[in-house]
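Heads up: the structure comes next, in structure tokens.
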Amino acid sequence: MTQRTNPLSHELDAGFLADWVVHSRFGAVPGTGGVDRQAASGADGEQRAWFAELLESRGFTVRRDSIGNQFGLLELVPGAPYVLTGSHMDSQPTAGRFDGAYGVMASAHACFRVADELRASGETPRFNLAVVNWFNEEGSRFKPSMMGSSVFTGKLPLETALATTDPHGVSVADALDVIGERGDLTGLDVASYAEIHVQQGRSMEEDGVTIGLVNATWAAHKFEFLVTGEQAHSGSTLMADRRDALLGAARLVVAARELVDEFEPGALHTACGEMNVYPNSPVVVASEVELLLDLRSPSAEVIRAARMSLMRTVERVQRDDRVGIEITAEHSWDQNPYPEAGVELAREVAEELGLTHDRVMTVAGHDSTNMKDSVPTVMLFVPSVDGVSHNLAEFTKDADLVAGVNHLTGVVRRLAGGALASEN
Ligand SMILES: [Zn+2]
729 MTQRTNPLSH ELDAGFLADW VVHSRFGAVP GTGGVDRQAA SGADGEQRAW
779 FAELLESRGF TVRRDSIGNQ FGLLELVPGA PYVLTGSHMD SQPTAGRFDG
829 AYGVMASAHA CFRVADELRA SGETPRFNLA VVNWFNEEGS RFKPSMMGSS
879 VFTGKLPLET ALATTDPHGV SVADALDVIG ERGDLTGLDV ASYAEIHVQQ
929 GRSMEEDGVT IGLVNATWAA HKFEFLVTGE QAHSGSTLMA DRRDALLGAA
979 RLVVAARELV DEFEPGALHT ACGEMNVYPN SPVVVASEVE LLLDLRSPSA
1029 EVIRAARMSL MRTVERVQRD DRVGIEITAE HSWDQNPYPE AGVELAREVA
1079 EELGLTHDRV MTVAGHDSTN MKDSVPTVML FVPSVDGVSH NLAEFTKDAD
1129 LVAGVNHLTG VVRRLAGGAL ASEN
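So the sequence shown is numbered by this note's numbering: it starts at 729 and just counts up by one.
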């Protein structure tokens, strides 16, 4: 990697890394390097307050919209649309400190740098600058994932999102009010969007690539199943008389794994990540199980075929195990490309900075998955060591973090100057 080595860029990198260290303290899980900072939790609230101060100290105005997306706005050209850049600071329970949060911090510093350059040169850009911390990207406490950007782009009704409850019955609206993060910003005029994220896979590390030019997202289909049986004594009830909801759920877990073998290697990823068993008690056959299962593939065809095969299993389990299986919610997105012009812009910036780069697909969904359908969008990755993700041990090297900020700065600089705007 041939980074430019002038003393100023060294100072800027040190400034980013210093803020990065502070930011990682919010929701930190002691002794691990990871965090537990679920959406609208106390730790999320504290971090948002700190982040607002950081933005304000650099001349940005902090506003929230009605679903708790947090924006830092810098108006350089009165009335002009904004170049928006950001990601999310919420995390899965006990997860890494890089997922999402790196993108928000990198975006803030990229905007600080571009703003300072503009102030120094006296140049007027075409667009204003805005940083965003999207609400509830992870979808662990409140489902679905990417909630803030889905509401922002009109894909999810605000009222539906606000009424969603966590496992303790607390609604999004109430949780946001507790941390004071429900606002009234509306109608932000966005010219273009940029996001940077850790890869959450190991291909870039293996290929020696510093900047991933994200050119498409995998398709995904997420199910919430409710399996219903009959509560019974786990010892005295005759085996033939049982209707075991947990057995039915277990068959779906196994079916999800076996589904993968019906396709080419690498064509389908599946998992059941969450199960809630009722009454979940030692001497009781379960009467009810909620089960969350997801299918992911680069091919929408594969997802369709996998869904049909899974539905055949559902019918068989209902019949053979005498349980009811109901789909209570489904949430999906198609495989679809990121705009080619954004990929090309990112490639040019990587060339200019002498950073190794390659086109990569994203398996995970990101807020940019929503934004790219509304505005010209650039999506970038930096490597993840061993691809470890949604795990306390997630790690990305400082050199890659810093390279990503430098790259994103180049992208934001060009977007502010009007790049990609003619596509709007
Ligand atoms: Zn993320």
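Think of the CB as a built atom: it goes at the ideal place given N, C-alpha and C, for glycine as much as any other residue.
Cβ-based neighbour list, residue i, same chain, cut-off 6 Å, excluding 5 preceding and 5 following
i: ALA694; result: Residue 694 cannot be examined here, being either before or after the span of the chain that is shown, 729 to 1152.
i: THR789; result: LEU801
i: ARG786; result: PHE840
i: THR893; result: SER899
i: SER1102; result: THR881
i: ARG732; result: For ARG732, the predicted model reports a pLDDT of 48, less than 50, meaning its position is unreliable and no value from the coordinates is stated.
i: VAL1030; result: PHE991, ALA995, LEU996
i: ILE924; result: GLY831, ALA834, LEU1108, GLY1132, LEU1136
i: GLY1146; result: ARG854
Span of the beta strand (DSSP E), counted from its first residue to its last, around residue i
i: ILE795; result: From DSSP, ILE795 is part of no beta strand (DSSP E); its letter is neither H nor E.
i: PHE1109; result: 1105-1110
i: ALA1057; result: 1052-1061
i: GLU1016; result: 1016-1025
i: VAL859; result: 856-862
i: ASP1114; result: Here ASP1114 belongs to no beta strand (DSSP E), and DSSP marks it neither H nor E.
i: ASP1086; result: 1085-1090
Beta carbon of residue i nearer than 9 Å to that of residue j
i: ASP1062; j: ALA947; result: yes
i: LEU974; j: GLY1001; result: no
i: ARG1142; j: ASN943; result: no
i: GLY800; j: ALA746; result: no
i: SER835; j: THR813; result: yes
i: GLU1054; j: LEU954; result: yes
i: THR1090; j: VAL937; result: no
i: GLY796; j: VAL906; result: no
i: PHE870; j: ASN1098; result: no
i: GLU986; j: ALA1033; result: no
i: GLU833; j: GLY1093; result: Note that residue 833 is Met in the sequence shown, not Glu. No, they are not a contact pair.
i: VAL1110; j: VAL926; result: yes
i: THR1017; j: HIS961; result: Note on identity: in this sequence residue 1017 is Val, with Thr being the wrong assignment. No, the Cβ-Cβ distance between VAL1017 and HIS961 is not below 9 Å.
i: GLU866; j: GLN928; result: no
i: ALA891; j: SER878; result: no
i: VAL1066; j: MET1107; result: Going by the sequence as given, residue 1066 is Tyr instead of Val. A contact, by the Cβ cut-off of 9 Å.
i: ALA768; j: ALA903; result: yes
i: ILE793; j: LEU916; result: One detail in the question is off: residue 793 reads as Asp in this sequence, not Ile. Yes, these two residues count as a Cβ contact at 9 Å.
i: GLY963; j: VAL1005; result: no
8 Å CB neighbourhood of residue i in its chain, flanking five on each side removed
i: VAL1116; result: GLY824, GLU1122, PHE1123
i: VAL757; result: VAL763, ASP764, THR822, LEU1120
i: ASP1126; result: LEU745
i: VAL1168; result: Given that the chain is displayed from residue 729 to residue 1152, the structure contains no residue 1168 and the question cannot be resolved.
Cut-off 7 Å between Cβ atoms - residues of its own chain near residue i, not counting five sequence neighbours on either side
i: LEU1148; result: SER920, ALA1069, GLY1070, LEU1073, PRO1104
i: THR730; result: Summary for THR730: the model assigns pLDDT 43, below 50, so the residue's position carries little reliability, and this model does not support an answer.
i: GLY1138; result: VAL1077, GLU1080, LEU1081
i: ALA838; result: THR813, VAL1133, LEU1136, THR1137, VAL1140
i: ARG791; result: PHE799, LEU801, GLY911, LEU913
i: ARG1075; result: LEU941, HIS1085
i: ASP1128; result: THR938, VAL1110, PRO1111
i: SER868; result: GLN766, GLN820, PRO821
i: ASP741; result: VAL1130
Limits of the alpha helix (DSSP H) - the one that residue i falls within
i: LEU846; result: 829-849
i: MET1099; result: 1095-1099
i: ALA1144; result: 1126-1144
i: ARG1040; result: 1028-1049
i: ARG1075; result: 1068-1081
Nearest-angstrom beta carbon gap, residue j and residue i [assumed within contact, 8 Å]
i: HIS751; j: GLN775; result: 7 Å
i: LEU1023; j: LEU980; result: Wrong, their Cβ atoms sit about 12 Å apart, outside the cutoff.
i: SER1112; j: GLU933; result: 7 Å
i: GLN959; j: SER1015; result: 4 Å
i: PHE744; j: VAL988; result: So it is not a contact: roughly 40 Å between Cβ atoms.
i: GLY1042; j: ARG971; result: The amino acid at residue 1042 is misidentified as Gly; the sequence shows Val. Not really, about 16 Å apart at Cβ, beyond 8 Å.
Near ligand 2: residue i beta-carbon under 8 Å from a heavy atom
i: GLU992; result: Ligands displayed in this structure: ligand 1; ligand 2 is not among them.
is_contact[residue i, chain B] using C-beta, thresh 9 Å
i: CYS839; result: In the structure shown, chain B does not exist; there is a single protein chain.
In chain order, each alpha helix (DSSP H) run of at least 4 residues that lies wholly inside the region 927-1008: With a minimum length of 4 residues, the continuous alpha helix (DSSP H) runs that stay inside the region 927-1008 are 931-935, 973-987.
Uninterrupted alpha helix (DSSP H) stretches inside the region 868-900 (no shorter than 4 residues): List check, alpha helix (DSSP H) in window: 875-880, 886-891.
Minimum length 4: unbroken alpha helix (DSSP H) runs contained in the region 761-822: Residue ranges of uninterrupted alpha helix (DSSP H) with 4 or more members, entirely inside the region 761-822 and ordered along the chain, are 770-785.
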